[in-house]
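Chains as they are written, first to last, in the numbering used here: chain A, 1 to 89; chain B, 90 to 448.
Glycine included, C-beta positions come from ideal geometry on N, C-alpha and C.
Since this is a predicted model, take the numbers as computed values, not measurements.
Here is the structure we will look at, set down as structure tokens.
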């Protein structure tokens, strides 16, 4: 099961919010987003833009490496961090 | 006099609600709601729900809804898309609930119109507008390619107008399947030659609530009224000190009363002229205008009031409210004769609406 870490700014968008840390059996990054969306409908719209692509200012790290491809594979030991890009203002 | 008045404020960083009793003299500030989200428009629909149109650089555009006066919020952008092959919807600029409360329209960036028939849970693209033959030539203005005005005919749910910056006004009579440009008589000084069929830069367009054949608009190039549903426009800039400004407001029962806020020229600072804050009111549909500045700062007040940031309530006398891009909200409980600062130190104010709620 991949370990997934979600940002506070994302989970607080849902009345029944996802936990900040959860485990999923997803085999790819795209499937992980789909699996999240199945449990918290609408979360995919916050993470993806047309393409579908990971939103420009959403960074996803798999085992510490930044990843943009939804086809990126996940393993049972993968650690996935979803982190909004830093911004000023 | 038992109703309360709310001034709904959308800002660069969340939304706020100012509320007062019907005297409109003491105001309480609540918020921020949807904190951290840029809110372009906050409205209260007829069923009491609050809707906030928002667009985040991180999480995209969405519409928030609260059914408990802002205590909790849900959000959805399901269907708010031009598809995987289309441009990304980046912002919700305007929300327009229908009078019967069954539908809410959303004007978005890049310019397009969406509707929801289930209180914002899902959205459907009103595709006919972007199928207009002019669409490939739509070009963004300084503020983007944005649909910011939706004027609904209160007597005919299939009849409406929309306004798009740097593109102009459109009318549909078939619920949005087909649209016609409505810009005749409106200047476009930034084009050479005669005004084009489209490309006019409408800043805010409103319908006369008592007569759907009558429209008004503050344009990049003047203030206008139409008596024929937008088929032709007459300039009513007249004695205003500038033809440039963003918002406009109309009295709900005596629509010969209008309010605008002239700003310095677009190539200048686009703020209150000479640092003298003033709202201008007409009692004759724009034939003549009167400067109103009692209670407003009249020296060194280089305020800017954006297109969505002025509103009126429905009490008698009407209350008028406007917010600035520097975080002040001013209000008048006597149709603009005298003003007071009703909130300060807010984030940049992008929208102001007034709502009446039962105590």
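Collapsing the DSSP output to three states places residue 131(B) in a strand. By the criterion of a C-beta distance shorter than 7 Å, residue 416(B) is surrounded in its chain by 433, 434, 435, 436, 437, 438, once the five residues flanking it on both sides are discounted.
Beta bridge pairing from DSSP links residue 369(B) with 349(B), 380(B).
Counting the other CB atoms within 10 Å of its CB gives residue 1(A) a total below 16, which places it among the exposed residues. Straight across, the Cα-Cα distance linking residue 383(B) with residue 345(B) is about 22 Å. The region 157-224 of chain B is shown to contain whole beta strand (DSSP E) runs of 3 or more residues at 163-165, 180-186, 193-198, 201-205, in chain order. At a cut-off of 8 Å between beta-carbon atoms, residue 18(A) makes no contact with chain B.
When the alpha-carbon of residue 21(A) is set against those of 57(A), 7(A), 84(A), the nearest one is in 7(A). Chain-ordered, the chain A residues with CB closer than 8 Å to the CB of residue 125(B) read 9. Residue burial annotation: residue 402(B) is buried, with at least 16 other C-beta atoms found within 10 angstroms of its C-beta. Taking a beta-carbon distance threshold of 8 Å, residue 161(B) counts as an interface residue toward chain A.
The Cβ atoms of residue 35(A) and residue 24(A) sit closer than 8 Å to each other.
Non-local C-beta neighbours of residue 289(B) in its own chain, meaning closer than 7 Å and more than five positions away in sequence, comprise 257, 272, 275, 277, 308, ordered along the chain. Three or more Cβ pairs closer than 8 Å define a contact, and the region 372-379 of chain B falls short of that threshold against the region 73-82 of chain A.
Restricting attention to alpha helix (DSSP H) runs no shorter than 4 residues, the region 1-41 of chain A encloses them at 8-11, 29-39, ordered along the chain. Your pair residue 152(B) and residue 185(B) does not check out as a contact, with CB atoms roughly 12 Å apart and the cut at 8 Å. Counting along the chain, no beta strand (DSSP E) covers residue 45(A); the unbroken alpha helix (DSSP H) around it starts and ends at 43-47. In the three-state reduction of the DSSP assignment, residue 364(B) falls in the helix class. Checking the DSSP bridge columns, you'll see residue 315(B) partnered with 304(B). With distances taken between CA atoms, residue 123(B) lies nearest to 140(B) out of 414(B), 136(B), 140(B). Shown in chain order are the members of the region 40-69 of chain A whose Cβ falls below 7 Å from a Cβ of chain B: 42, 45, 46, 49, 50, 51, 52, 55, 57, 58. For residue 333(B), the uninterrupted beta strand (DSSP E) segment begins and ends at 333-339. The alpha-carbon separation between residue 164(B) and residue 427(B) amounts to approximately 39 Å. Look at residue 424(B) here: in three-state DSSP terms it is coil, with no helix or strand label. Interface flag for residue 357(B) against chain A is unset, since no Cβ pair is found closer than 8 Å. In this structure residue 197(B) is not in contact with residue 218(B), their Cβ atoms being roughly 11 Å apart against a cut-off of 8 Å. Secondary structure at residue 442(B): strand, using DSSP grouped into helix, strand and coil.
The three-state reading of DSSP puts residue 397(B) in strand, counting E and B together. The region 204-224 of chain B makes no contact with the region 361-371 of chain B; the number of CB pairs closer than 8 Å stays below 3. Close CB contacts of residue 55(A) within its chain, under the 7 Å cut and outside five residues either way in sequence, are with 47, 48, 49 (chain order). Per DSSP, the unbroken beta strand (DSSP E) holding residue 121(B) starts and ends at 117-122. In terms of CA proximity to residue 53(A), 172(B) leads the group 359(B), 172(B), 240(B), 161(B). Look at residue 356(B) here: in three-state DSSP terms it is coil, with no helix or strand label.
Only 146, 147, 148, 149, 151 from the region 142-156 of chain B bring a Cβ to less than 8 Å from some Cβ of chain A.
Here residue 260(B) carries a strand assignment [DSSP, helix/strand/coil]. Within chain B, no C-beta atom comes less than 8 Å from the C-beta of residue 32(A); the nearest is roughly 17 Å away.
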